[in-house]
Amino acid sequence: MKYGKTTNALEAIGFRQPMSGLRRSSVLTAVLLGILNFVAGKAQAQPALTPGQGATEQLFYLVLVPAVAIGVLVMALVAYAVRKFRVRPGHTTGPAVAKTHDRKLETAWTIIPAIILVVVGVAAFQTLVITDTIPQNPDVTVIVTARQWSWSFNVTYPNGSYSGPQSGAFTVKLGQVVKLLFESVDVAHSFSVSAYGLKIDVIPGHVNQYWFKALVAGNYEIHCAEFCGLNHYSMVATLHVSSA
Ligand SMILES: [Cu+2]
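Right, here's the structure in full:
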């Protein structure tokens, strides 16, 4: 084989015409963007389980899709440059006076990332307003108590009725705004409802607060997400969201 000529397996057996590096990269980019669009479409077809979960997921895809697209573009450009400017007979020296500055290019690669950061920053703060604004007048207030190794719940319902302490599970109705107050009687734990994208530290000596509004009925798993000792794995509970 002649030095400097690259051939892939498909081309070697005459399966198709050789494709240029740039063209091959563009095809790969298009395929990946197609897959990403499909995944994002699927995700958005799912109804939000809570306002916070919906907002967090929107932010996730707002960042993920352009980030992967930019990543693929950069990798494609690197692959193109590696192939086009590789050392080979007749192409072993650079230009006599190498270019070291390009004002237009430098302006572009400063301003474009700055715009991206502003867009992501504004979107992130909008998401935080939804996830971290604790409602003043919740329908239900739940005091969540963590201990090695179980959860218990003291629940105050809208009519003032009170239930607790309930171990291992609590129930709220669809559409109710639920305020959560977290306390630990021993070590650091973390209250996680992964379906809701909700995770909050439960630490001794300080009461953290959070909230959710259940938009879809069902049973949701609660886990401890902070290693808290030998039986950490068994520190599970269930949130029931009833439709009536
Ligand atoms: Cu724990």
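Taken in order, the sequence shown gives residues 15 to 258; the numbers are from my numbering.
We treat Cβ as the ideally placed atom computed from N, Cα and C, and that holds for glycine.
Whole-angstrom distance between Arg102 and Leu24, CA atom to CA atom: As a working mapping, residue 24 is identified with position 10 in the sequence shown. As a working mapping, residue 102 is identified with position 88 in the sequence shown. Residue placement at Leu24 is flagged as unreliable, the pLDDT there being 42, under the threshold of 50; a coordinate-derived value is accordingly withheld.
Segment contact, 8 Å Cβ cut-off, at least three pairs: the segment 189–206 with the segment 221–236: yes
Nearest-angstrom Cα separation, counted from Thr145 out to Pro61: Sequence index remark: in the sequence shown, residue 61 carries index 47 (1-based). Sequence index remark: in the sequence shown, residue 145 carries index 131 (1-based). C-alpha separation (whole angstroms): 17 Å.
Cα-Cα separation between Asn22 and Thr252, rounded to whole angstroms: Residue 22 sits at position 8 when you count from the first residue of the sequence shown. Residue 252 sits at position 238 when you count from the first residue of the sequence shown. Residue placement at Asn22 is flagged as unreliable, the pLDDT there being 49, under the threshold of 50; a coordinate-derived value is accordingly withheld.
Exposure label - His220; buried when at least 16 CB within 10 Å: As a working mapping, residue 220 is identified with position 206 in the sequence shown. Its Cβ having fewer than 16 others within 10 Å, His220 is exposed.
Rounded distance between the beta-carbons of Glu197 and Phe236, thought under 8 Å: Translated into the one-based positions of the sequence shown, residue 236 becomes position 222. Translated into the one-based positions of the sequence shown, residue 197 becomes position 183. Checking the sequence shown, residue 236 turns out to be Ile, not Phe. The beta-carbon distance between Ile236 and Glu197, rounded to whole angstroms, is 15 Å. This is too long to meet the 8 Å contact definition.
Of the residues Phe99, Val45, Val96, Pro109, the one placed nearest Ala83, counting alpha carbons only: As a first step, residue 83 must be located in the sequence shown, where it is residue number 69. When only C-alpha atoms are compared, the closest one is Val45.
Beta-carbon proximity of Tyr171 to Leu63, cut-off 7 Å: On the sequence shown, position 157 is the one that residue 171 refers to. On the sequence shown, position 49 is the one that residue 63 refers to. In this structure, Leu63 does not lie closer than 7 Å to Tyr171 by Cβ.
Pairwise C-alpha distance: Phe184 and Gln140: In the sequence shown, counting from the first residue as 1, residue 140 sits at position 126. In the sequence shown, counting from the first residue as 1, residue 184 sits at position 170. Whole-angstrom Cα-Cα distance: 30 Å.
Environment of Met249 [buried if 16+ CB atoms lie within 10 Å]: As a working note, residue 249 is residue 235 in the sequence shown. So Met249 counts as buried.
Environment of Leu91 [buried if 16+ CB atoms lie within 10 Å]: Reading the sequence shown from its first residue, position 77 is the one you call residue 91. So Leu91 ends up on the exposed side.
Test item: CB-CB of Leu73 and Ala137 under 7 Å: Counting from 1 along the sequence shown, the entry for residue 73 is found at position 59. Counting from 1 along the sequence shown, the entry for residue 137 is found at position 123. In this structure, Ala137 lies closer than 7 Å to Leu73 by Cβ.
Neighbourhood of Asn222 by C-beta, 7 Å cutoff - its chain only, sequence neighbours within 5 removed: Within the sequence shown, residue 222 is the residue found at index 208, counting from 1. Excluding residues within five positions, the ones whose Cβ falls inside 7 Å are Phe196, Ile214, Asp215, Val216.
Minimum C-alpha distance to Lys187 - residue among Asn233, Asn151, Val199: The count along the sequence shown starts at 1 and reaches residue 187 at position 173. Of the listed residues, the one whose Cα sits closest to Lys187 is Asn233.
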